[in-house]
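First the structure, in the form of C-alpha cells, and then the observations on it.
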Amino acid sequence: MAIERFPVEAGHVMLFARAVGDPNPVYFDPSSDGARSMGGLIAPPTFTMAGQQFDGDGVRPRPGVAWFGSGRDSSGGERATTGALHAEQHFKYHRPLRVGDVLTATLRDGDTWSKESNRGGKLVFSEHITDYFDEGGELVVTARMIRVITERPVTPEG
Amino acid sequence: MALRASELKVGDSKTMLVADNLSRTQIVMYAGASGDYNPIHSDERYTVEVAGYPSVFAHGMLTMGATGRLLTDWLGDGRVTDFGVRFVNQVWPGDTLTSTATIEAIRSEGDVMMADLSIVTVNQKDQPVVSGTASARLDP
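The listed protein sequences correspond, in order, to chains A and B.
When you number the first sequence by this note's numbering, it's gap-free, plus one each residue, and the end is 152.
When you number the second sequence by this note's numbering, it's gap-free, plus one each residue, and the end is 579.
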C-alpha cells in the first residue's frame, strides 16, 4: 500500500496489541520495564499492517459509497476488492517501530506466478513490497506480501 | 529480558497458547485495529451467502500477529529482525492456536549474535495454520 502519512499513535498501538492477544506492556504502558528499557513504547512486529487505516484505498465502508457486505440484503453492491487471499507475509525490521514515528509507505510490485491446486483450482500469486520510511527518510520496515486469487473459495480440510 | 547466545542452543524451542476458542469478537477487534474491514472476516451473512465460505474466518494477519507474541516474549522486545510466514490453513471462530518456535541456527553477523528460528502455529486438530521463519539479535 502507498501511504502518505501513517502516524504511529499510542492508542492505536494499544488497540492493535489487544486485537492480536498480546498483553505485553511495552505496547501500552510507558512506565513498564519494557518501555523504559526500549526508551519508550514500541509497536508489535506486525503493526505496519494497520497502515491500511491511512491508505486511501483501504477496504472499508465509506459515506455515500455502496459497501459490498450485508445490510438489508446479503450484499450491498459489487465487490470492491479483487477477492485475493493472503498467501504469505514477510517483514524485515531495520529498527524497532516506535510510538511517535510518522511513516511514509511506498509500494513496489514483485513477481507474479500461478499454479493448480486441488482445494482452490487455479491459483494466481502476486508479490507486493511495501517500504516504510520514518520522517528522516530512514527505512524502518520492509513488508513483502504475497496474495493469491483462487478460482473458487477455499474451504476447510476434512 | 533478551536472550543470551550462550544460554541457547540449536534445537531449543518454546511453545505458547496464542488463542483459545477464538471469538468472532476478537476477529472484529482485529478488523477495527488493522483497518482491514473485508466482510469475510466479520459479516457472517455476506460470507456464507455471497462469498461461499462456511463461516467468517480470521485475518491471516491476526494469526501472524498472535504468533509474533511468542517471538517477542521469548526473544525480547525490539530484537526480531526478520519474521515471515505462509498462511497454510484458514483460522475459524472457535479455533485454539498454539505456536512453537525452534532455534535452527545461532550465528554471528559482524559483532552481533543472531538466532534463526522456524515457527509454526497449529490449530486444535494439530493442523498448521501459519508456518515460517524468524531471526533475532541475541545478547552475547
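We put the beta carbon where it would ideally sit given N, CA and C, even for glycine.
Just so we're clear, the structure is a prediction, and the values are computed from it rather than from any experiment.
Asked	Found
Tyr87 (chain A): contacting residues in chain B (beta-carbon distance under 8 angstroms)	Val519, Thr520, Asp521, Phe522
His122 (chain A) at chain B interface by Cβ criterion, 8 angstroms	no
Backbone CA spacing between Ala505 (chain B) and Asp16 (chain A) [nearest angstrom]	7 angstroms
Partner residues on chain A for Val568 (chain B), Cβ-Cβ distance less than 7 angstroms	Residues of chain A passing the Cβ test: none, with the nearest at roughly 11 angstroms.
Buried or exposed by the 16-neighbour rule on C-beta atoms within 10 Å, applied to Gly152 (chain A)	Reliability fails at Gly152 (chain A), whose pLDDT of 38 lies under 50, so the model's placement of it is uncertain and the value that follows must be treated cautiously. So Gly152 (chain A) ends up on the exposed side.
Candidates A:Ala44, A:Trp61, A:Arg138, A:Gly63: closest to Asp103 (chain A) by CA position	A:Arg138
Beta carbon of Val14 (chain A) nearer than 8 angstroms to that of Leu35 (chain A)	no
Among B:Asp565, B:Thr520, B:Gly471, B:Ala573, nearest to Ser557 (chain B) - alpha-carbon criterion	B:Ala573
is_contact[Leu510 (chain B), chain A] using C-beta, thresh 8 angstroms	yes
Beta-carbon spacing of Val489 (chain B), Ser68 (chain A) below 8 angstroms	yes
Positions along the segment 538 to 558 of chain B whose CB lies within less than 9 angstroms of some CB in chain A	none
Spatial neighbours of Phe127 (chain A) in its chain, beta-carbon cut-off 8 angstroms, leaving aside the 5 residues before and after	Leu97, Thr98, Ala99, Thr100, Leu133, Val134
Residue-level contact to chain B via CB, Ser64 (chain A), 8 angstroms cutoff	yes
Cβ of Leu501 (chain B) within 8 angstroms of any chain A Cβ	yes
Sequence ranges, alpha helix (DSSP H) only - wholly within the segment 528 to 574 of chain B, length at least 4	none
Endpoints, the beta strand (DSSP E) within which Gly523 (chain B) is located	519 to 526
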